[in-house]
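Using our numbering, read the sequence shown as starting at 1156 and increasing by one per residue. Written below as structure tokens is the structure these notes are about.
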Amino acid sequence: MDSCAVNSVSAERPLRWLLAIRWLSAGVQLALLAAAYFIPLDVSAPRLLMLGVLILFSNTVAAFSLRNSSLPVPNFLGFFLLADTLVITLLLTWTGGPYNPFTILYLVQISLAAVALKPLWAWLLTIFSSIGFYSLFILAAPVSSHSMHHDDPFSLHLYGMLIAFVFTAALVSFMLSKLSSALLRSERALSEMRLQKLNEQRLASLATLAAGAAHELSTPLTTIAVTKSEISDLLERAPAPTIELRRAARTIGDQVQRCKSILANMAGRSGAVRGEAPELVRVVDCIEDAAAQLRNRRSTKLNITVDSRDSKISVIQESLRQVLTSLLQNAVDASSAAGSIDITAKRIDEQIVVTVKDRGHGMSSELLAVAKEPFFTTKPVGSGMGLGLFLADLYARQFGGELSIDSAPGVGTTATLKLPVKTGLEELAANA
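Shown next as structure tokens:
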């Protein structure tokens, strides 16, 4: 999932909470104004009325803008928190300044920013709130009902309050930002695990389908193949068989072989799910096998560069061969007949990195975002099942690696397959 989308989702609910709190705040201020007619309160009624009306107006604008604005929700919430910090500063300035016990409201703003937004916003709120708190010592005129500590607003006690506030605000911002980031990482990891589990279930279903299809179709395909052989024998003994009949018999045989090849291909791709045992294989052998298959079909030039030909990894050999064949096939299909494809394999730290680069038409960012989804393909109908990249990505994940795709329209596509030299299975065997 896109991080921007995650941040928007995580910030939208706190923004709605903030709007609800602001409605309540405006109501409380208007209630105080009404109470001032019956209870003597040392507050400025015009100022409270002005802030109450301002909050009501801004809430109305915010509720409308939230539905229609193109501004990202996290930024929307961040600006609102900054504006509310200014409102809190004005309220405290007019109602006792640093003597007002509700200076704690600054920490509410900081906490909300640290939980719902990026750390940058939390630190901005911390700085802005600290400046606002400090301004209370300069701008506020002490209100009699709050002036219980000292007559001198710059007394040692108030200095201590300022220092304590700045320290507490910074600590709250730091701790909550760290906790929020850790929680977000955990949610992303769980989301990726759920997606991987879903993909594994999809692949298991495909493997079951492939096995069932192979079983159900093997008998009719064999019958067709035998019948084709008998027809060919009859044509050989026929006095004057036409060229069309011979060509038709040959076509039947070719299509039967193609059907068998497709079924074998589907079964081969599901090898990891069927529980085949990994083995130590040379990566260069799998690359050359995959390249040899494609050289027999197309004239596209394949440039193979391998840093260490003896590099081995513990994998299911047939599955790796199928993955590399899919990546090469995609590159060949995207390239012109006179084009070339670069295939490189090298060891980087504890990983074998295989890249397949073509100079074809490339993909847009929209297509690239869904390129590894199952059954997605840009090829003509009948030219592919749209499973190559999906299975390659799933295969890489199953063995602790990853598949990344980099592409740009008119430039070409680069597929990078990373596999660990020592897989989890090999480590378990070594420690046994």
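Backbone N, C-alpha and C fix where the C-beta goes; we use that ideal spot for every residue, glycine too.
Please tell me whether residue i and residue j are closer than 8 Å, where the distance is taken between their beta carbons.
| i | j | result |
| --- | --- | --- |
| R1437 | D1465 | yes |
| I1265 | T1250 | no |
| A1351 | R1552 | The question names Ala, but residue 1351 in the sequence shown is Gln. A contact, by the Cβ cut-off of 8 Å. |
| K1456 | L1435 | no |
| G1182 | T1244 | no |
| F1131 | L1522 | Residue 1131 falls outside the range modelled here, since the chain spans only 1156 to 1587, and no answer is possible. |
| V1567 | D1513 | The sequence given here has Gly at residue 1567, not Val. Taking 8 Å as the Cβ cut-off, G1567 and D1513 qualify as a contacting pair. |
| T1499 | A1445 | no |
| V1321 | S1360 | no |
| T1248 | L1294 | yes |
| S1328 | W1278 | yes |
| T1571 | V1508 | yes |
| T1240 | F1212 | no |
Provide the residue(s) that pair with residue i in DSSP beta bridges, ordered along the chain.
| i | result |
| --- | --- |
| T1510 | T1499 and T1571 |
| K1456 | S1495 |
| D1561 | T1569 |
| R1437 | K1467 |
Is DSSP giving residue i helix, strand or coil here?
| i | result |
| --- | --- |
| V1576 | coil |
| S1490 | coil |
| S1520 | helix |
| L1174 | helix |
| R1464 | coil |
| V1161 | With a pLDDT of 41 at V1161, under the threshold of 50, the modelled position of that residue is not reliable, and no figure is offered here. |
| K1527 | coil |
| H1305 | Confidence at H1305 is low in this model, with a pLDDT of 46, below 50, so the placement of that residue is unreliable and no value is reported for it. |
| E1555 | Note that residue 1555 is Gly in the sequence shown here, rather than Glu. Three-state DSSP puts G1555 in coil, outside helix and strand. |
| L1542 | coil |
| L1272 | coil |
| N1354 | helix |
| N1255 | coil |
| E1505 | coil |
| T1363 | helix |
| G1233 | helix |
| T1532 | coil |
| G1408 | helix |
| T1250 | coil |
| G1315 | helix |
| G1287 | helix |
| G1182 | helix |
Mind checking if residue i is an interface residue toward chain C, Cβ cutoff 8 Å exclusive?
| i | result |
| --- | --- |
| R1402 | Here chain C cannot be found, since the structure has a single protein chain. |
What's the C-alpha gap between residue i and residue j?
| i | j | result |
| --- | --- | --- |
| L1482 | E1385 | 39 Å |
| A1271 | L1179 | 21 Å |
| S1346 | E1399 | 58 Å |
| A1337 | L1246 | 35 Å |
| I1471 | S1491 | 32 Å |
| V1208 | V1263 | 22 Å |
| L1546 | E1528 | 9 Å |
| D1440 | K1573 | 17 Å |
| R1450 | D1561 | 24 Å |
| E1557 | T1378 | 43 Å |
| S1469 | H1516 | 35 Å |
| V1525 | L1549 | 14 Å |
| W1276 | T1569 | 37 Å |
| G1391 | T1406 | In the sequence as displayed, the identity of residue 1391 is Glu instead of Gly. Cα-Cα distance, rounded: 16 Å. |
| M1518 | M1348 | 27 Å |
| A1427 | E1371 | Caution is warranted here: a pLDDT of 46 is assigned to A1427, below 50, making its placement in the model unreliable, and the coordinate value is therefore given only provisionally. Between A1427 and E1371, the C-alpha separation is close to 22 Å. |
| W1172 | G1233 | 13 Å |
| S1236 | R1340 | The amino acid occupying residue 1236 in the given sequence is Leu; Ser does not appear at that position. L1236 and R1340: Cα-Cα distance of roughly 24 Å. |
| A1380 | L1353 | 38 Å |
| A1319 | I1259 | 12 Å |
| L1418 | I1442 | 22 Å |
| P1256 | L1326 | 20 Å |
Since residue i and residue j should fall inside the 8 Å C-beta cutoff, what is the C-beta to C-beta distance between them, to a whole number of angstroms?
| i | j | result |
| --- | --- | --- |
| A1238 | L1331 | About 21 Å; that fails the 8 Å criterion. |
| V1511 | I1496 | 7 Å |
| G1252 | L1311 | Actually they are not in contact, since the Cβ atoms of G1252 and L1311 sit about 17 Å apart, beyond 8 Å. |
| P1575 | E1505 | 6 Å |
| Y1261 | A1324 | 7 Å |
| Y1289 | L1317 | 6 Å |
| L1376 | K1415 | 6 Å |
| S1387 | A1404 | 5 Å |
Is residue i near the ligand ADP - that is, is its Cβ less than 7 Å away from at least one heavy atom of it?
| i | result |
| --- | --- |
| A1269 | This structure does not include the ligand ADP; it has no bound ligands of any sort. |
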